[in-house]
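*Asks:* Residue numbers (numbering that gives the first Met the number 0), protein chains in the order written: chain A, 0 to 439; chain B, 0 to 226.
Ideal placement from N, C-alpha and C gives every residue a C-beta, glycine not left out.
One structure, as structure tokens, below. Some questions next.
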Amino acid sequence: MKHLSKPFDKSSFITQKGKPYLIALLLVFIVSTICYLFSSYLSYRVVALILLLVVSVIAVSFDIFPVLLAAFFSAVIWNFFFIPPIYHFRISTSEDLILLIMYFLIAMINAVLTYKIRRAETKAREKEEKANTVKLYNTMLNSLSHELRTPIAAIIGATDNLQSANNNLTPGHKDQLIAEISKAALRLDRQVGNLLDISRIESGFIKAKKNWVDIVETIHDVVHKIEENGISQRIIINISPAIPLFKTDKVMLEQIVSNIVNNAVLYSYSDSVLKINVSDSTRPPVTVGDVQSISFVDNSLQTYRADKSDQTFITNNHNQTFTPDNIQNPDFQKISTEDPGKQTLFPSGPDKIFSKGNVLSLMIEDSGPGFPDNELPFIFDKFYRLKNSKAGGTGLGLSIVKGFTEALNGRVTTENVMGGGARFIIEIPCETSYLKVTNE
Amino acid sequence: MNKTEILVVDDEEQIRKLLEITLQSNNYQIKQAANARDGIIMASNHPPDLILLDVGLPDKDGIIMLQELREWYTNPVIVLSVQNSEDVIIQALDKGANDYLTKPFRTGELLARIRSALRNPVTDETEPVINTEDLQIDLSSRTVTVRGELIKFTGTEYNLLSLFARNEGKVLTHAFLLRAVWGPGFINQSQYLRVFMAQIRKKIEKDPNRPEYLLTESGVGYRFVCK
Chain A
0 MKHLSKPFDK
10 SSFITQKGKP
20 YLIALLLVFI
30 VSTICYLFSS
40 YLSYRVVALI
50 LLLVVSVIAV
60 SFDIFPVLLA
70 AFFSAVIWNF
80 FFIPPIYHFR
90 ISTSEDLILL
100 IMYFLIAMIN
110 AVLTYKIRRA
120 ETKAREKEEK
130 ANTVKLYNTM
140 LNSLSHELRT
150 PIAAIIGATD
160 NLQSANNNLT
170 PGHKDQLIAE
180 ISKAALRLDR
190 QVGNLLDISR
200 IESGFIKAKK
210 NWVDIVETIH
220 DVVHKIEENG
230 ISQRIIINIS
240 PAIPLFKTDK
250 VMLEQIVSNI
260 VNNAVLYSYS
270 DSVLKINVSD
280 STRPPVTVGD
290 VQSISFVDNS
300 LQTYRADKSD
310 QTFITNNHNQ
320 TFTPDNIQNP
330 DFQKISTEDP
340 GKQTLFPSGP
350 DKIFSKGNVL
360 SLMIEDSGPG
370 FPDNELPFIF
380 DKFYRLKNSK
390 AGGTGLGLSI
400 VKGFTEALNG
410 RVTTENVMGG
420 GARFIIEIPC
430 ETSYLKVTNE
Chain B
0 MNKTEILVVD
10 DEEQIRKLLE
20 ITLQSNNYQI
30 KQAANARDGI
40 IMASNHPPDL
50 ILLDVGLPDK
60 DGIIMLQELR
70 EWYTNPVIVL
80 SVQNSEDVII
90 QALDKGANDY
100 LTKPFRTGEL
110 LARIRSALRN
120 PVTDETEPVI
130 NTEDLQIDLS
140 SRTVTVRGEL
150 IKFTGTEYNL
160 LSLFARNEGK
170 VLTHAFLLRA
180 VWGPGFINQS
190 QYLRVFMAQI
200 RKKIEKDPNR
210 PEYLLTESGV
220 GYRFVCK
């Protein structure tokens, strides 16, 4: 197989490189053929102009060497087929000789000039790109500098005040200053944590430590910690009591939820309501044992294909089952059995406690202003901050959410809720265990 | 007696809170605004004696706000910013800020800058006299005495020093000094400034490498202080 593919690669490489030359020569050839057919109507001087036009057109789209080749080739053709005496390279009149030389020179100059212009353009573009990178870097440094130095400023200022021999400082003031110090220290700690997280994600050395997680406890812990900071929003948690245990990385999961909720608290209106819904996108009850394999179809994780010993059926998470007979449903048209996406083996045997192929899905919704539509695609970018966003934040929180979710093989999406607010949906495929429900 | 009123325009609640406590306990009255819009409204409704303005505001560039303020507001403005933003500071000073502070700042320094900015601005008629234990500068008789000794200065040196004496406690940017002493064509010739500053320091400072009077404001300019 390898042996076969090698020479093929080489030839395709040559055609790739030789393509502009071929096209250039072909164009000159076609146009000269047409001119030749009409040579009784066209004087050979007009043909020179037409060929020159062809060379110019080639110069606009190709590199210098194909253009030079086209210029040379067209000059030869013109000389041989058009300048009298035709079918001879000999030129009878000195005027024609001058014309030929002129033709050749103009074509060359044309090629070189176009090439130069194109080079200048590329350079300008590169320069612009570089400037943009520098600008981005500066913005990033500024926001980081602001974010880290503001709490430091608060700490230094507060300690200065507390240490000073200023008698006007009331006990109330002192308490406030101490509260500010602890608030600032926590903020610093959070930002340093963010920076460490993002460098961990960047380095690629991030590995999920999966263990059984009680999602109810985890979500309540995170929310409790956030509520302790004294927020005005009300957080409503909605988790089905029958939710299974999930095998995933608890620390990452906590960070994901905490970053989104913190973000929502920061940017939604005071006294508004924040909703957290957790659901287990459990697949329709497939009896373990009579299914041989199960696989996700496309990456949406909304559908999967299960192969039973006797039939294949496709289903979505609304407990609708589609057998090969009723697969005419348009939603499932694009599914191909050749490309089933992620493959996970279903454990066989009578044991029904573990099931793979389940998805933990979290939906966090606020009633803030939502995201401007044109900025939605960028919100997970590192250091990206919404235009006109208020103080605080490095633009790292959501990129950490994305990094961690992906490290858990999941995905995060976001959308604006009708009537205001942003909605984050996180879907993490993980093993589930109903031990909790069945045995308690 | 009415308390001196200071308007703080900063989007960081933490900084506002800190400034509130600091300033209140030092007998200033404080008003707060979290963005440029509110800041301008508050300043125009009742012009404060001094404005502490953060340059990084959410709704408007602090520099632009400063420019708008300066169309009618004549009291001192001290600009607050985080470090690494010398360019912004220079811009702010050029656009009419009286002074600047980089966060994090020491409380003592903040209070000193506020006091210095609130001191009556020097007018041309009253030529001030700098009179400290070690240094006396008499601008009317054009004499400078250092530790009891009359010191001779060249024309340019004296022009530079007198400029500092007139703006005691204020930061003067490189561009401002070059324009004022050498002329508008010399704004980028900071090497002149370095040479002359070194000369003056040699004449007035005890240890020119550790100046007490002519302090360097990194990347921005110089500040003349007398204790």
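#1: Check the Cβ-Cβ distances between K59(B) and every residue of chain A, and say whether any is below 7 Å.
#2: According to DSSP, simplified to helix, strand and coil, what is V219(B)?
#3: Report the CB separation of I5(B) from L51(B) in whole angstroms; it is logged as a contact under 8 Å.
#4: Starting from the Cα of V56(A), find the closest Cα among F88(A), K274(A), N109(A) and give me that residue.
#5: In three-state terms, what does DSSP make of R89(A)?
#6: Which residues, in chain order, does the stretch 356-370 of chain A contribute to contact with chain B at a C-beta distance below 7 Å?
#7: Examine chain B for any beta-carbon lying closer than 7 Å to the beta-carbon of N262(A), and answer yes or no.
#8: Go ahead and pull the three-state DSSP assignment for I205(A).
#9: Can the beta-carbon of A70(A) be found less than 7 Å from the beta-carbon of A106(A)?
#10: By Cβ distance below 8 Å, which residues in the same chain neighbour E337(A) in space, the five residues on each side in sequence not counted?
#11: So for I20(B), helix, strand or coil by DSSP?
#12: Relative to chain B, which residues along the stretch 221-243 of chain A have a C-beta separation below 9 Å, given in chain order?
#13: Counting only C-beta atoms, is R148(A) closer than 7 Å to chain B at any point?
#14: When the Cα of S163(A) is compared with those of S24(B), C225(B), G184(B), which residue comes out closest?
#15: Quick check on DSSP: helix, strand or coil for T131(B)?
#16: Please compile the residues from chain A whose C-beta is within a distance smaller than 8 Å of the C-beta of G107(B).
#17: Between A179(B) and the rest of its own chain, which residues show a CB-CB distance below 7 Å, the 5 nearest in sequence each way excluded?
#18: 7 Å is my cut-off, CB to CB: does E374(A) come that close to chain B?
#19: Apart from the five residues on each side of it in sequence, which residues of its chain come closer than 8 Å, Cβ to Cβ, to G367(A)?
#20: Output yes or no for whether 7 Å exceeds the beta carbon distance between K170(B) and D86(B).
#21: With a Cβ-Cβ cutoff of 7 Å, do A197(B) and I186(B) count as a contact?
#22: Name the chain A residues that come within less than 7 Å of L17(B), Cβ to Cβ?
#23: Can you check whether the C-beta of Q31(B) is within less than 7 Å of a C-beta belonging to chain A?
#24: Can you list the residues of chain B that N276(A) reaches, using a CB-CB cut of under 8 Å?
#25: What does a CB cutoff of less than 6 Å around S189(B) pick up in its chain, not counting 5 residues either side in sequence?
#26: Tell me the DSSP bridge mates of P371(A)?
#27: Out of curiosity, what's the CA-to-CA distance linking F295(A) and D372(A)?
#28: On the three-pair Cβ rule with 8 Å, is the stretch 69-79 of chain B touching the stretch 121-134 of chain A?
#29: Taking buried to mean at least 16 other C-beta atoms within 10 Å of its own C-beta, is A241(A) buried or exposed?
#30: If I follow the unbroken beta strand (DSSP E) through I242(A), where does it start and stop?
*Replies:* So, from the listed chains and residues:
#1: Along the second sequence, one-based indexing puts residue 59(B) at 60. Cβ-Cβ to chain A under 7 Å: no for K59(B).
#2: The residue you call residue 219(B) lines up with position 220 of the second sequence. The answer is coil: DSSP assigns V219(B) none of H, G, I, E or B.
#3: Reading the second sequence from its first residue, position 6 is the one you call residue 5(B). Reading the second sequence from its first residue, position 52 is the one you call residue 51(B). Going by Cβ atoms, the distance from I5(B) to L51(B) rounds to 6 Å, so yes, they are a contact pair.
#4: Here residue 56(A) corresponds to residue number 57 of the first sequence, with the count starting at 1. Ranking the options by Cα distance to V56(A), first place goes to N109(A).
#5: Within the first sequence, residue 89(A) is the residue found at index 90, counting from 1. DSSP places R89(A) in coil when its eight states are reduced to three.
#6: Within the stretch 356-370 of chain A, no residue has a Cβ that lies closer than 7 Å to any Cβ of chain B.
#7: As a first step, residue 262(A) must be located in the first sequence, where it is residue number 263. Taking Cβ atoms only, chain B never reaches closer than 7 Å to N262(A), which makes this a no.
#8: The residue you call residue 205(A) lines up with position 206 of the first sequence. In this structure, I205(A) counts as coil in the three-state DSSP scheme.
#9: The residue given as residue 70(A) occupies position 71 in the first sequence. The residue given as residue 106(A) occupies position 107 in the first sequence. Yes; because the gap between Cβ atoms is below 7 Å, this pair is in contact.
#10: Position 338 of the first sequence, counting from 1, holds the residue named residue 337(A). Because E337(A) sits at a pLDDT of 36, beneath the cut-off of 50, its placement in the model cannot be relied upon, and the following sentence gives the value as read from the coordinates. Correct list: empty, nothing qualifies.
#11: Position 21 of the second sequence, counted from the first residue, corresponds to residue 20(B). Helix at I20(B).
#12: Answer set for the stretch 221-243 of chain A: empty.
#13: What you label residue 148(A) is simply residue 149 of the first sequence in a count that begins at 1. Chain B, which has a Cβ nearer than 7 Å to the Cβ of R148(A), makes this yes.
#14: Your numbering for residue 163(A) matches position 164 in the first sequence. Residue S24(B) is the option with its Cα nearest to S163(A).
#15: In the second sequence, the residue the question calls residue 131(B) occupies position 132. Residue state, collapsed to three classes: coil.
#16: As a working mapping, residue 107(B) is identified with position 108 in the second sequence. Under the 8 Å cutoff, chain A gives D159, S163.
#17: For this step, residue 179(B) is matched to residue 180 along the second sequence. Excluding positions up to five away in sequence, the list reads L162.
#18: Locating residue 374(A) in the first sequence gives position 375, where the first residue counts as 1. Answer no: the Cβ-Cβ gap between E374(A) and chain B never drops below 7 Å.
#19: Indexing the first sequence from 1 puts residue 367(A) at position 368. Sequence-distant partners of G367(A) (beyond 5 residues in either direction) whose C-beta falls short of 8 Å from its own C-beta, in its chain, are A263, Y266, S267, Y268, S271, G419, G420, A421.
#20: Residue mapping note: residue 170(B) aligns to position 171 of the second sequence, counting from 1. Residue mapping note: residue 86(B) aligns to position 87 of the second sequence, counting from 1. Residue identity check: residue 170(B) is Val in the sequence provided, not Lys. Cβ atoms of V170(B) and D86(B): not closer than 7 Å.
#21: Working through the second sequence from its first residue, we reach residue 197(B) at position 198. Working through the second sequence from its first residue, we reach residue 186(B) at position 187. No, they are not a contact pair.
#22: Locating residue 17(B) in the second sequence gives position 18, where the first residue counts as 1. Going along chain A in sequence order, the residues near L17(B) (Cβ under 7 Å) are A153, G156, A157, E179.
#23: Position 32 of the second sequence, counting from 1, holds the residue named residue 31(B). Not closer than 7 Å to any Cβ of chain A, the Cβ of Q31(B) fails to qualify, so no.
#24: Within the first sequence, the letter at position 277 stands for residue 276(A). Simply none; closest approach about 31 Å.
#25: Stepping through the second sequence from its first residue, residue 189(B) is reached at position 190. Counting only Cβ-Cβ distances below 6 Å, and skipping sequence neighbours, we find H173.
#26: What you label residue 371(A) is simply residue 372 of the first sequence in a count that begins at 1. In the DSSP output, where bridge partners are listed per residue, P371(A) has none listed.
#27: Numbered from its first residue, the first sequence carries residue 295(A) at position 296. Numbered from its first residue, the first sequence carries residue 372(A) at position 373. Because F295(A) carries a pLDDT of 42, less than 50, the predicted location of this residue cannot be relied on, and the following value inherits that uncertainty. If you draw a straight line from the Cα of F295(A) to the Cα of D372(A), it comes to about 30 Å.
#28: Judged by Cβ distances under 8 Å, the stretch 69-79 of chain B makes no contact with the stretch 121-134 of chain A, as fewer than three pairs qualify.
#29: What you label residue 241(A) is simply residue 242 of the first sequence in a count that begins at 1. Exposed, because fewer than 16 other Cβ atoms sit within 10 Å of the Cβ of A241(A).
#30: For this step, residue 242(A) is matched to residue 243 along the first sequence. That residue, I242(A), is in no beta strand (DSSP E); it is neither H nor E in DSSP.
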